[in-house]
Structure formats: structure tokens, C-alpha cells
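In this text, residue positions in the sequence shown follow the UniProt record's numbering: the first is 1, and each later residue adds one.
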Amino acid sequence: MTNFRIWAVGCIASFFLLGVSLAFISMNDQTQTTSGTDDLYEEIISNKAKYEKPAENAVIDKVWKKTPGIEGRAVDVQASYNKMKKDGVFNEKMLVYKRVKPDISLEDLPSSPIYRGHPDKNMVALLINVSWGEEYIPDMVKIFSKYHVKATFFIDGAFASKHKELVQMIEDEGHTIGSHGYLHKDMAQMSENQAEINMEKANEVLYALTNKKVKWLAPPSGSFTMNTVIAADKLGMETILWTVDTIDWKQPTKQVLLQRVLGKVHNGATILMHPTQVTVDSLPELIEQLKKNYRIGSVPTLLSENR
Numbered sequence: 001m002t003n004f005r006i007w008a009v010g011c012i013a014s015f016f017l018l019g020v021s022l023a024f025i026s027m028n029d030q031t032q033t034t035s036g037t038d039d040l041y042e043e044i045i046s047n048k049a050k051y052e053k054p055a056e057n058a059v060i061d062k063v064w065k066k067t068p069g070i071e072g073r074a075v076d077v078q079a080s081y082n083k084m085k086k087d088g089v090f091n092e093k094m095l096v097y098k099r100v101k102p103d104i105s106l107e108d109l110p111s112s113p114i115y116r117g118h119p120d121k122n123m124v125a126l127l128i129n130v131s132w133g134e135e136y137i138p139d140m141v142k143i144f145s146k147y148h149v150k151a152t153f154f155i156d157g158a159f160a161s162k163h164k165e166l167v168q169m170i171e172d173e174g175h176t177i178g179s180h181g182y183l184h185k186d187m188a189q190m191s192e193n194q195a196e197i198n199m200e201k202a203n204e205v206l207y208a209l210t211n212k213k214v215k216w217l218a219p220p221s222g223s224f225t226m227n228t229v230i231a232a233d234k235l236g237m238e239t240i241l242w243t244v245d246t247i248d249w250k251q252p253t254k255q256v257l258l259q260r261v262l263g264k265v266h267n268g269a270t271i272l273m274h275p276t277q278v279t280v281d282s283l284p285e286l287i288e289q290l291k292k293n294y295r296i297g298s299v300p301t302l303l304s305e306n307r
């Protein structure tokens, strides 16, 4: 029995000494690891300001009126460190960012027309105003599909009633559908109430065909007053104008149309066109040229705060 006790005490002592040794080794390794990686952590902290961007609020610009904000980005130090610690060296390509939302969004601003996206956003939007030209729409839709482009079609309510299949084709392809009013009437000549009635009539037709609330209005011929903008706002709609015009309804040559756009395009541009033969002929080259420097998106994507 005495021998057993001596053996047991010896085993316990051996395990205790082994545990102390392992703990010391682990502590020593931890100290080395912490010491080695603290430098990397500190380097990320010291460099992060160079890569961060502040969020910018939506504003009503003196010239460009209602202008969307754009989100900022902040370096996630811990997540970036976790990605880099395997190599143990700072690598800007492995930085992880957190999105920083603006304090003021478009929805927070009073009624005002919108002409463009944020000037720092490397994107443009194609706007197609539709109250005629039904024979060209299928070709335009095919071209957009081929180049994986989403456009925004502002469709007249009366036109939509006559050409339901075209509206549904546009909808099925994932393009954004907005309103071009009803019967292409001059909204600048309407009272607020008259404009609201006109928009509601168009919206009813478009909603019946798409089952989606209409959020965007392009006044016919770009003719509007604040009555138009306020009426649209009451219906939960934004009034959209443009910054670059193809003037395709005057049937320019393809080269002239391309020059009109490519010579004036800019970050956040809204490019106006219509369903015409010259537009169909120009679209492939126009899209290819635009894609060299810009992304092409729908109006909702252009006006979103996503950088």
C-alpha cells in the first residue's frame, strides 16, 4: 500500500511539472506571437486613414438640384489583421472595409428635380423616354441583353395601354420602368392637381402591367414646373431629368449621336434617348465605349448611396 502511495504521488508530481512546462512554453509562444503581430496591427492602424473615405450627404445643389449622397468606407482593423496575419506583412489589397452610411439621404430632402448621380460615382444611366417608336424597342432590349445592361424606360401611360406586350417584355428583362405621364402632355402648363391626376392615370396603367409601384417620373420633353415636382413627390415619385442628350429624335447620323454622348459624358451622367433607328444602330458601339470608363446602371442603382 505504501509503495502504491509513493507511486501515485510521483505520478501527480510528474503531471504537475509537465503542466507547468507546457504552460511556460505556451506563454512564451504567445508572447512571441503577440510581439510579432502587434507590429502588423499597429501598421494597419497607422495606414488606415489613407484608404478610408468619408460618407457624403445628399444635398440640393444650386445648379444640379437634388443630388444623392454616397457612402463612405472605414477600415475594419481587426478583420484586416485577421486576413494579413498569416503572411505577417501589411498588404493594402487585403484591407477589409465597413460601409459608412450618410446621415442625409435623398428621401430626407424636400421636393426637387434630379439631374444626375453623385459626381464621384463612376457610373452612368441610360434613360429611354417612350411615347412612340414601338418598332424599335425589341431591338433595343436585345442589345441591352447582349451587353448585360439595365436601362430605365420612362413609358407614357397611353402608349403602355396600346403596347402591353412591350411593357411586359421590358419588365421581364429586368429594366426599370418609370412614368412619362399620360398622352405626352406639357406638364409645365398644368396645375399641381392636374399634374397629379395625369401621373395617377399613367401609374394605374403601369402598375397593372408590372405590379410595381412607379417611383420615377420623366416629364414629357423635360417640360415642368415645381407644380410637377411637388405632385410627383405627393405620389412618392422622384422627377428625373438628364445631363446628356442624344437628340436622337432629330435623326442625326450615328457618328453625331456618338459624339454628342461621348464628348459630354461624366460621372453620374443621365443619358437621354428614344426608340429610333439611329439609336438602335448606335447602341452597341455606344455601350462598348461607355464601358471602357464607366459602369452602366439603372436610375435606382445610379442614385443609390453605394459607392
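For each residue, glycine too, the CB sits at the ideal point set by N, CA and C.
Does the contact criterion of 3 or more C-beta pairs under 8 Å hold for the region 55 to 74 versus the region 102 to 119?
Yes: the two stretches touch, three or more of their Cβ pairs being nearer than 8 Å.
Could you give the DSSP three-state label for residue 249: helix, strand or coil?
Residue 249 falls in the helix class under three-state DSSP.
Compare the beta carbon distance of residue 169 and residue 228 with 8 Å and say whether it is the shorter of the two.
Contact: no.
In whole angstroms, what separates the C-alpha of residue 80 from that of residue 122?
For residue 80 and residue 122, the distance between alpha carbons rounds to 26 Å.
What are the start and end residues of the beta strand (DSSP E) that includes residue 136?
Counting along the chain, residue 136 falls outside any beta strand (DSSP E), and DSSP gives it neither H nor E.
Using three-state DSSP, classify residue 84 as helix, strand or coil.
Residue state, collapsed to three classes: helix.
Exposed or buried, which one is residue 266 when buried takes at least 16 other CB atoms within 10 Å?
Exposed is the call here.
Tell me the DSSP secondary structure of residue 155 in three-state form.
Three-state result, residue 155: strand.
Could you check whether residue 242 and residue 109 sit closer than 8 Å to each other, using their CB atoms as the reference points?
Not in contact: residue 109 and residue 242 (Cβ atoms no closer than 8 Å).
Are residue 133 and residue 276 touching if we call contact CB-CB under 8 Å?
For residue 133 and residue 276, yes; Cβs fall inside 8 Å.
Look at the alpha carbon of residue 125 and the alpha carbon of residue 78, and state the distance between them as a whole number of angstroms.
Residue 125 and residue 78: Cα-Cα distance of roughly 37 Å.
Determine the direct distance from the alpha carbon of residue 219 to that of residue 190, and round the result to whole angstroms.
If I take the Cα positions, the gap works out to 12 Å.
Within 10 angstroms of its Cβ, does residue 148 collect 16 or more other Cβ (buried), or is it exposed?
The residue is exposed, with fewer than 16 neighbouring Cβ atoms inside 10 Å.
What are the partner residues of residue 238, as DSSP defines its beta bridges?
According to DSSP, which records beta bridges pairwise, residue 238 is partnered with 216.
Report buried or exposed for residue 104, applying the criterion of at least 16 other Cβ atoms within 10 angstroms of its Cβ.
Residue 104 is exposed by the Cβ-count criterion.
Just to confirm before moving on: does the CB-CB distance between residue 257 and residue 248 stay below 8 Å?
Their beta carbons are under 8 Å apart, which means residue 257 touches residue 248 by this criterion.
DSSP three-state label for residue 89, please.
Correct three-state label for residue 89: coil.
CA-CA distance, residue 83 and residue 92?
The alpha-carbon atoms of residue 83 and residue 92 are separated by roughly 11 Å.
How would you label residue 226, buried or exposed, when you count the other beta carbons within 10 angstroms and need 16 or more for buried?
Exposed: under 16 other Cβ atoms inside 10 Å.
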